[in-house]
Amino acid sequence: MSTWKCSARCLGVGVLAALTACSPAGPEAMVSVADAGTGADAGRRADFAVAPAHHSSGTSASASYEDDLPIIGGWGVTAATVMPMPGDTLLPDLGMGSDAVDMDQSGPMIHPPGPGGGEMSRGVDSESVEGRSPRPVTDADDRRFEDARFTRPEHIRGLYVNAWAAGSTKRMEALIDLARRTEINAFVIDIKDATGYISHRTSVPLAHEIGATEERRIGDLPGLLDRLEEAGIYPIARIVVVKDPILAKFRPELAIQDTAGGIWIDSKEIVWMNPFEEGLWAYNVAIAREVTEMGFPEIQWDFIRFPDAPESDYARAVFPGGDGRSRSDAIRGFLAYAKKDLSDLPVRSTADVFGVTTSFRRDIGLGQLWESFIDVVDVALPMVYPSHYWEGSFGYSDPNAYPYEIVRAALRDALRRSEKVSGAGLTRPWIQDFTLGPPAYGAPEVRAQIQAAYDVGIHEWILWNPSTRYSEGALEPVEGFQEEPLVRVAGLLTPVSRRHLVIDSVAALSSLTDSVDEVESLDSAAVHADTVRSSADIPATPPDTTGTAPRIRPRR
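Residue numbers for the sequence shown follow our numbering, beginning at 9 and rising by one.
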């Protein structure tokens, strides 16, 4: 395979001139990108080792990004766009007790579905997509919130806080300080996680009956809310629904049943509640009502889905109450029930969903079909983690190395589908701030995802790290970024204002390299044919050739 050596001030002479100056090089293509900015940024250069083929075969490289944004401050961003400054990176400890298994956010990885499982839209184009806001965005738009304790920020930019961290005064003060220094204005706090334990002192009767109160991780939830109110931080209550081993143990009739009798357990030894059971719905909504009355202005439902289990497991599963109803009916039913039951309170009902739901046109077995739930939630939060997309998603052979492109493509799909649904809720993505395979995720990778959201018109997001340890360098300081930061696009680290140029450059280089490979392949085939024909000219028993040379046709 041929590769190319590119060395040009791309911003000054353009991509075409840069590629024209290319010449054959070694095993990797080197692309030199110079920043033609002004001041301290003038003349900055960055050399990147680039694998020439970034996309899986049979798909195009990234489409043109000529829809670059207006120049503001020399960085090529809109006023709403904020950009990262490289800083210290806190990588997650994925083995922190129960948090490591509470993974509807950071696992398991989704693989292509079987027959009839759905289709993923392909490609990322440059069409402008503006985020629509069919639901009230500010408290002033909804009378329910006239006397609400917490005022909703114009744009929510938050962090997930697990129950152990929320119960630690030291950890919470550190997180509040982080919010004070940066753009963070919201915390998602575990009220009931995938262990089934309720984090605070609850008065819900069923919780006491089944022992869900025995591991109280947040000793003083009212006091925590007071502290967040003082700090101006918007609290969101996360409640896990169908993954509840404590409820399954003491109320087995609410769990998925096994054809052989008893509770159904999947091949990973996980017990799941039955999403069709209204008793399950009522228990979780009772918990939500309690914390809403304490002051939480938003409930975030997680694990609102059917198990991601193989068909061999499902062959044993029985879902009482599900006769004649689809899985997506069950999920919609719960979300509609919750929203209606809480409608007398100043609270928004939101839902975490798998990232692939933004792109699959059918339910892939989880019960999460975008058009089926988007109008019964105030906000949908797709978990568009690049590490969770399989090889070839959106045309990328290694999605994890393309955080900007994957998130941009997924969120565009979400917006396009929402705009066709009357009363659709908002879209607020979960952003990956953890490492799961190469490359290691830090500030450039996290900010690339945030930038992708902004570039399609979405101005809200929440970072997920199961250990509640975050990359501060990915967050805009309150005083603003003092210098242009880096983001990862096209598999490379580049100044954020040059993201579209780099994507176009790499795409053009990849296309050029593929063309050269095709020419070389044809040439190689021709040489092989000539060699075969030349061999046919040699007699089986060579004559006495003393003083002569064999008559072999020379290569072209």
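We put the CB at the ideal spot given by N, CA and C, even for glycine.
Computed from a prediction, not measured in an experiment: that's the story for all the values here.
In whole angstroms, what is the alpha-carbon distance linking residue 170 and residue 517?
For this step, residue 170 is matched to residue 162 along the sequence shown. For this step, residue 517 is matched to residue 509 along the sequence shown. In a straight line, the C-alpha of residue 170 is about 44 Å away from that of residue 517.
Short check: CB of residue 451 to CB of residue 426, under 7 Å?
Residue 451 sits at position 443 when you count from the first residue of the sequence shown. Residue 426 sits at position 418 when you count from the first residue of the sequence shown. It is not a contact, given that the beta carbons lie outside the stated cut-off.
Terminal residues of the continuous beta strand (DSSP E) containing residue 168?
As a first step, residue 168 must be located in the sequence shown, where it is residue number 160. Residues 165-169.
Out of curiosity, what's the CA-to-CA distance linking residue 323 and residue 260?
As a first step, residue 323 is located in the sequence shown; it is residue number 315 there, counting from the start. As a first step, residue 260 is located in the sequence shown; it is residue number 252 there, counting from the start. Taking the straight line joining both Cα atoms gives about 19 Å.
Considering only the beta carbon of each residue, do residue 199 and residue 299 sit closer than 7 Å?
If you number the sequence shown from 1, residue 199 lands on position 191. If you number the sequence shown from 1, residue 299 lands on position 291. Taking 7 Å as the Cβ cut-off, residue 199 and residue 299 qualify as a contacting pair.
From residue 354 to residue 498, what distance separates their C-alpha atoms?
Walking along the sequence shown from the start, residue 354 turns up at place 346. Walking along the sequence shown from the start, residue 498 turns up at place 490. Residue 354 and residue 498: Cα-Cα distance of roughly 43 Å.
Burial state of residue 504, where buried means 16 or more other Cβ atoms lie within 10 Å:
Here residue 504 is taken as the residue at index 496 of the sequence shown, counted from 1. With 16 or more Cβ atoms within 10 Å of its Cβ, residue 504 is classed as buried.
What residue range does the beta strand (DSSP E) around residue 359 cover?
Here residue 359 is taken as the residue at index 351 of the sequence shown, counted from 1. From DSSP, the beta strand (DSSP E) with residue 359 extends over 356-362.
Cα separation between residue 445 and residue 265?
Position 437 of the sequence shown, counted from the start, is the residue given in the question as residue 445. Position 257 of the sequence shown, counted from the start, is the residue given in the question as residue 265. About 36 Å.
For residue 84, count the other beta carbons within 10 Å of its own beta carbon; 16 or more makes it buried, fewer makes it exposed. Which is it?
Position 76 of the sequence shown, counting from 1, holds the residue named residue 84. Here the model assigns residue 84 a pLDDT of 31, short of 50, so the residue's position is not dependable, and the following value carries that caveat. Burial call: buried.
With a threshold of 16 other CB atoms inside 10 Å of the CB of residue 486, please say whether the residue is buried or exposed.
The count along the sequence shown starts at 1 and reaches residue 486 at position 478. With fewer than 16 Cβ atoms within 10 Å of its Cβ, residue 486 is classed as exposed.
Please list, in chain order, all residues of the same chain as residue 315 whose beta carbon is under 6 Å from its beta carbon, the five residues on each side excluded.
Locating residue 315 in the sequence shown gives position 307, where the first residue counts as 1. Around residue 315: 274, 280.
Just curious, the alpha helix (DSSP H) that residue 365 is in, first and last residue?
For the purposes of this step, residue 365 is identified with residue 357 of the sequence shown, where counting begins at 1. Here residue 365 belongs to no alpha helix (DSSP H), and DSSP marks it neither H nor E.
Please name the residue, chosen from 263, 367, 307, 360, that lies closest to residue 329 on a Cα-to-Cα basis.
Taking the sequence shown and counting its residues from 1, one reaches residue 329 at position 321. With distances taken between Cα atoms, residue 329 lies closest to 263.
Complete beta strand (DSSP E) runs within the segment 414-466 (minimum length 3 residues, chain order)
438-440
Span of the alpha helix (DSSP H) holding residue 321?
To locate residue 321, count along the sequence shown from 1; it is residue 313. From DSSP, the alpha helix (DSSP H) with residue 321 extends over 319-322.
Supposed close pair residue 249, residue 311 - CB separation, criterion 8 Å:
As a first step, residue 249 must be located in the sequence shown, where it is residue number 241. As a first step, residue 311 must be located in the sequence shown, where it is residue number 303. That belief holds up - the Cβ atoms of residue 249 and residue 311 are roughly 5 Å apart, short of 8 Å.
Quick one: using the 10 Å Cβ neighbour count with 16 as the cut-off for buried, is residue 267 buried or exposed?
As a working note, residue 267 is residue 259 in the sequence shown. Counting Cβ neighbours within 10 Å, residue 267 comes out exposed, since fewer than 16 surround it.
Neighbourhood of residue 270 by C-beta, 8 Å cutoff - its chain only, sequence neighbours within 5 removed:
For the purposes of this step, residue 270 is taken as residue 262 along the sequence shown, with counting starting at 1. For residue 270, where only same-chain residues beyond five positions count, the Cβ hits under 8 Å are 260.
Quick one: what's got a C-beta closer than 7 Å to residue 496's C-beta in the same chain, skipping five residues either side?
Locating residue 496 in the sequence shown gives position 488, counting from the first residue. Cβ neighbours of residue 496 beyond the five flanking positions: 411, 412, 452, 453, 456.
Taking the alpha-carbon of residue 430 as reference, which of 407, 462, 460, 383 has the nearest alpha-carbon?
On the sequence shown, residue 430 is found 422 positions in, with the first residue counted as 1. The residue with the shortest Cα to Cα distance from residue 430 is 383.
Residue 186 to residue 272 span [Cα, whole Å]:
Position 178 of the sequence shown, counted from the first residue, corresponds to residue 186. Position 264 of the sequence shown, counted from the first residue, corresponds to residue 272. Roughly 43 Å between the two C-alpha positions.
Select from 288, 360, 217 the residue whose C-alpha is nearest the C-alpha of residue 327.
As a position in the sequence shown, residue 327 is number 319, starting the count at 1. Answer by Cα proximity: 288.
Would you report the Cα separation of residue 483 and residue 167, rounded to the nearest angstrom?
Position 475 of the sequence shown, counted from the start, is the residue given in the question as residue 483. Position 159 of the sequence shown, counted from the start, is the residue given in the question as residue 167. Whole-angstrom Cα-Cα distance: 11 Å.
Comparing alpha-carbon positions, which option in 306, 176, 344, 377 lies nearest residue 164?
Taking the first residue of the sequence shown as 1, we reach residue 164 at position 156. That would be 306, whose Cα lies nearest to the Cα of residue 164.
With respect to the alpha helix (DSSP H) encompassing residue 213, which residues constitute its N-terminal and C-terminal limits?
Counting from one through the sequence shown, the residue named residue 213 turns up at place 205. Unbroken alpha helix (DSSP H) run through residue 213: 213-218.
What first and last residue would you give for the alpha helix (DSSP H) that runs through residue 257?
For the purposes of this step, residue 257 is identified with residue 249 of the sequence shown, where counting begins at 1. 253-258 is the extent of the alpha helix (DSSP H) around residue 257.
Integer Cβ distance of residue 414 from residue 381, believed to fall under 8 Å:
Residue mapping note: residue 414 aligns to position 406 of the sequence shown, counting from 1. Residue mapping note: residue 381 aligns to position 373 of the sequence shown, counting from 1. Their Cβ separation, rounded to whole angstroms, is 22 Å, which puts residue 414 and residue 381 out of contact at 8 Å.
I'd like to check one pair, residue 343 with residue 359: are the Cβ atoms closer than 7 Å?
Translated into positions along the sequence shown, residue 359 becomes position 351. Translated into positions along the sequence shown, residue 343 becomes position 335. Yes, they are a contact pair.
How many whole angstroms separate the CB atoms of residue 180 and residue 235, which I take to be in contact at a CB cut-off of 8 Å?
Numbered from its first residue, the sequence shown carries residue 180 at position 172. Numbered from its first residue, the sequence shown carries residue 235 at position 227. Beta-carbon to beta-carbon, residue 180 and residue 235 are separated by about 7 Å, close enough to satisfy the 8 Å threshold.
On a Cα-Cα basis, can you pick out the residue from 291, 203, 348, 466 that is closest to residue 424?
Taking the sequence shown and counting its residues from 1, the one referred to as residue 424 is at position 416. Minimum Cα distance to residue 424 is reached at 466.
List the whole-angstrom C-beta distance separating residue 173 from residue 443, where the pair is believed to meet the contact cut-off of C-beta under 8 Å.
To locate residue 173, count along the sequence shown from 1; it is residue 165. To locate residue 443, count along the sequence shown from 1; it is residue 435. Contact doesn't hold; Cβ gap of about 19 Å is too wide.
Taking residue 195 as part of the beta strand (DSSP E), name the residues at either end of that continuous run.
The count along the sequence shown starts at 1 and reaches residue 195 at position 187. Taken as a continuous stretch (DSSP letters only), the beta strand (DSSP E) holding residue 195 covers 194-200.
Compute the distance between the beta-carbons of residue 386 and residue 357, then report whether it is under 7 Å.
Mapped onto the sequence shown, residue 386 falls at position 378. Mapped onto the sequence shown, residue 357 falls at position 349. Their beta carbons are under 7 Å apart, which means residue 386 touches residue 357 by this criterion.
Which two residues bound the contiguous beta strand (DSSP E) that contains residue 352?
As a first step, residue 352 must be located in the sequence shown, where it is residue number 344. Note, residue 352: premise wrong, no beta strand (DSSP E); not H, not E.
Using alpha carbons as the reference points, say which of 421, 461, 447 lies closest to residue 437.
Walking along the sequence shown from the start, residue 437 turns up at place 429. The candidate whose alpha carbon is nearest that of residue 437 is 461.
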